[in-house]
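Here's the structure, in structure tokens; my notes come after.
Protein chains in written order, with the working numbering: chain C, 1 to 103; chain E, 1001 to 1298.
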């Protein structure tokens, strides 16, 4: 899966040293909480889209609220999401597409 | 004493190299509280402890201003920044579910409040602190007779006005984040210096301090327009109005006492770290209110 982060798969932090396998890939995370978050996020995306495979994920934002743009083949979706303090998905929903010309 | 703002372990006074080494060491072990603190307050990029020392010094530097100014700056950054805390955003024009999430989790917070403030009173030797705490606890928990019910009673009435009986509210156990916060506030109250506990607890009343907008907060705790009209129930207006009117004085008076005694008793660094830990717990606790609100959504 193509990702925009070079650090922790969910928050891009380079602190910590946790490696976990998600969707057949060995990924770096800063802490166990981020592993729970990432796994929950991927599961919700697949549940919502019905996709068998996610090709790319681009995450933006911070703990106050994040968005992710995901693609699978030609299909593309954008979601907004947030987690509870235990790392479980608290909010998850489709983001309206950005207006034409928005930078 | 310098303390770790993530776990409150202590180091020598002003020993920022030891604190930096500890933070980096715990982060290397992937401890989520330490990684979180570094991520949210200093940097998301892994840094050598020597490089972190001046950053830490700068972060904790109060400068010539009273401690109050530093506390408010940190509090505003965390809860009232460009993107306010999600609970604050939800409370601007709250749904029934948001208010009920508030009721169910906050009853636990207020019961801990009494324990924390009682510990401050038990351990201080300053009469003005005892008087302040007695006044605060009367407003928050005991009330001034039938004409001026306590904040706790007003909270339960808000729940009833939204169709949830107080017996159901009182029978609800706290969510995990609320429970964790309460346990840590309780431990803090018994272990830490009373000036640190005073600051850690009463700084949380800044959340409803309407004057923070003049000091850089992006929004109020809620849109003041909801205190009139019929957007929320009269009982909800009564509860929110009480905090809106009391918490400027509660937080400002407590922080003035904290600023004075932190320097007088030479415990400034203890106070800063315990405050920082407390606002992290509060952040999670406010999310728990939203999580509880989800259970009331249709």
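Note that CB positions come from ideal geometry on N, CA and C, so glycine has one too.
List the whole-angstrom C-beta distance separating residue i from residue j, where the pair is believed to meet the contact cut-off of C-beta under 8 angstroms.
i	j	result
residue 1211 of chain E	residue 1115 of chain E	Going by Cβ atoms, the distance from residue 1211 of chain E to residue 1115 of chain E rounds to 28 angstroms, so no, they are not a contact pair.
residue 1270 of chain E	residue 1001 of chain E	5 angstroms
residue 1086 of chain E	residue 1226 of chain E	About 18 angstroms separates the two Cβ atoms, so there is no contact after all.
residue 30 of chain C	residue 15 of chain C	5 angstroms
Return the residue from the list the options that minimises the CA-CA distance to residue i.
i	options	result
residue 86 of chain C	E/1285, E/1296, E/1152	E/1285
residue 1199 of chain E	E/1276, E/1164, E/1167	E/1276
residue 1154 of chain E	E/1239, E/1129, E/1054	E/1239
residue 1255 of chain E	E/1147, E/1128, E/1230	E/1128
residue 1118 of chain E	E/1125, E/1133, E/1227	E/1133
residue 1130 of chain E	E/1069, E/1194, E/1288, E/1045	E/1194
residue 1289 of chain E	E/1104, E/1029, E/1071, E/1013	E/1104
residue 19 of chain C	C/28, C/12, C/48	C/28
residue 1263 of chain E	E/1065, E/1283, E/1243	E/1065
residue 1307 of chain E	E/1096, E/1228, E/1297, E/1250	Shown here, chain E extends from 1001 to 1298; a query on residue 1307 of chain E therefore has no answer.
residue 1022 of chain E	E/1012, E/1013, E/1049, E/1164	E/1049
residue 66 of chain C	C/89, C/21, C/31, C/53	C/89
residue 1076 of chain E	E/1283, E/1158, E/1243, E/1122	E/1283
residue 56 of chain C	C/91, C/13, C/75, C/84	C/75
residue 1265 of chain E	E/1088, E/1033, E/1100, E/1125	E/1125
residue 1007 of chain E	E/1223, E/1088, E/1181	E/1181
residue 1278 of chain E	E/1078, E/1020, E/1047, E/1024	E/1078
residue 1178 of chain E	E/1037, E/1274, E/1101	E/1101
residue 1035 of chain E	C/50, C/51, C/8	C/8
residue 1296 of chain E	E/1142, E/1164, E/1250	E/1164
residue 1088 of chain E	C/49, C/64, C/58	C/64
Distance, Cα to Cα, residue i vs residue j?
i	j	result
residue 10 of chain C	residue 1083 of chain E	19 angstroms
residue 1245 of chain E	residue 61 of chain C	34 angstroms
residue 1184 of chain E	residue 1015 of chain E	25 angstroms
residue 17 of chain C	residue 1293 of chain E	35 angstroms
residue 1152 of chain E	residue 1140 of chain E	6 angstroms
residue 93 of chain C	residue 68 of chain C	11 angstroms
residue 1160 of chain E	residue 1166 of chain E	6 angstroms
residue 961 of chain E	residue 1005 of chain E	Residue 961 of chain E lies beyond the range of chain E shown here (1001 to 1298); nothing can be said about it.
residue 41 of chain C	residue 1138 of chain E	45 angstroms
residue 1201 of chain E	residue 72 of chain C	48 angstroms
residue 1098 of chain E	residue 1217 of chain E	22 angstroms
residue 1230 of chain E	residue 1236 of chain E	10 angstroms
residue 103 of chain C	residue 1042 of chain E	Note that residue 103 of chain C has pLDDT 38, beneath the 50 cutoff, so the model's placement of it is unreliable and the number below is only indicative. Answer to the nearest angstrom: the Cα atoms are 29 angstroms apart.
residue 101 of chain C	residue 2 of chain C	The predicted model places residue 101 of chain C with a pLDDT of 43, which falls under 50 and marks its position as unreliable; any figure quoted below should be read in that light. Distance between the alpha carbons of residue 101 of chain C and residue 2 of chain C is about 25 angstroms.
residue 1068 of chain E	residue 1094 of chain E	30 angstroms
residue 966 of chain E	residue 1196 of chain E	Given that chain E is displayed from residue 1001 to residue 1298, the structure contains no residue 966 of chain E and the question cannot be resolved.
residue 1220 of chain E	residue 53 of chain C	43 angstroms
residue 1012 of chain E	residue 46 of chain C	51 angstroms
residue 1123 of chain E	residue 1192 of chain E	10 angstroms
residue 1010 of chain E	residue 24 of chain C	42 angstroms
residue 1136 of chain E	residue 1298 of chain E	37 angstroms
residue 95 of chain C	residue 79 of chain C	5 angstroms
residue 1150 of chain E	residue 1144 of chain E	7 angstroms
residue 1045 of chain E	residue 5 of chain C	12 angstroms
residue 1148 of chain E	residue 1018 of chain E	50 angstroms
residue 32 of chain C	residue 1234 of chain E	44 angstroms
residue 137 of chain C	residue 1214 of chain E	Nothing about residue 137 of chain C can be read from this structure; chain C reaches only from 1 to 103.
residue 1156 of chain E	residue 38 of chain C	37 angstroms
residue 1158 of chain E	residue 1247 of chain E	18 angstroms
residue 1142 of chain E	residue 1189 of chain E	20 angstroms
residue 34 of chain C	residue 84 of chain C	11 angstroms
residue 1092 of chain E	residue 1222 of chain E	4 angstroms
residue 1113 of chain E	residue 1120 of chain E	11 angstroms
With respect to the beta strand (DSSP E) encompassing residue i, which residues constitute its N-terminal and C-terminal limits?
i	result
residue 30 of chain C	Here residue 30 of chain C belongs to no beta strand (DSSP E), and DSSP marks it neither H nor E.
residue 65 of chain C	65-72
residue 1242 of chain E	Residue 1242 of chain E -> not in any beta strand (DSSP E); alpha helix (DSSP H) instead, spanning 1234-1264.
residue 78 of chain C	75-83
residue 62 of chain C	56-62
residue 21 of chain C	18-22
residue 89 of chain C	89-94
In the DSSP assignment, find the unbroken alpha helix (DSSP H) run with residue i in it and report its ends.
i	result
residue 1189 of chain E	1176-1191
residue 1207 of chain E	That residue, residue 1207 of chain E, is in no alpha helix (DSSP H); it is neither H nor E in DSSP.
residue 1135 of chain E	1127-1137
residue 1173 of chain E	Counting along the chain, residue 1173 of chain E falls outside any alpha helix (DSSP H), and DSSP gives it neither H nor E.
residue 15 of chain C	Where residue 15 of chain C is concerned, there is no enclosing alpha helix (DSSP H), given that its DSSP letter is neither H nor E.
residue 1226 of chain E	It is not in any alpha helix (DSSP H) - residue 1226 of chain E carries neither H nor E in the DSSP assignment.
residue 1085 of chain E	That residue, residue 1085 of chain E, is in no alpha helix (DSSP H); it is neither H nor E in DSSP.
residue 10 of chain C	Here residue 10 of chain C belongs to no alpha helix (DSSP H), and DSSP marks it neither H nor E.
residue 1275 of chain E	1268-1294
residue 1037 of chain E	1032-1041
Using a Cβ-based criterion (distance less than 6 angstroms to any ligand heavy atom), does residue i qualify as near the ligand NAP?
i	result
residue 28 of chain C	Because no ligand of any kind appears in the structure shown, any question about the ligand NAP cannot be addressed here.
Are the region 1053-1063 of chain E and the region 1192-1207 of chain E in contact at 8 angstroms, needing three or more beta carbon pairs? no
Using 8 angstroms as the cut-off, can you tell me whether the region 1162-1179 of chain E makes contact with the region 1102-1114 of chain E, which would need three or more C-beta pairs spanning the two stretches below that distance? yes
Any chance the region 1040-1054 of chain E sits against the region 1250-1265 of chain E, with 3 or more Cβ pairs inside 8 angstroms? no
Contact between the region 1070-1084 of chain E and the region 1010-1029 of chain E is defined here as three or more beta-carbon pairs at a separation below 8 angstroms; is this criterion met? no
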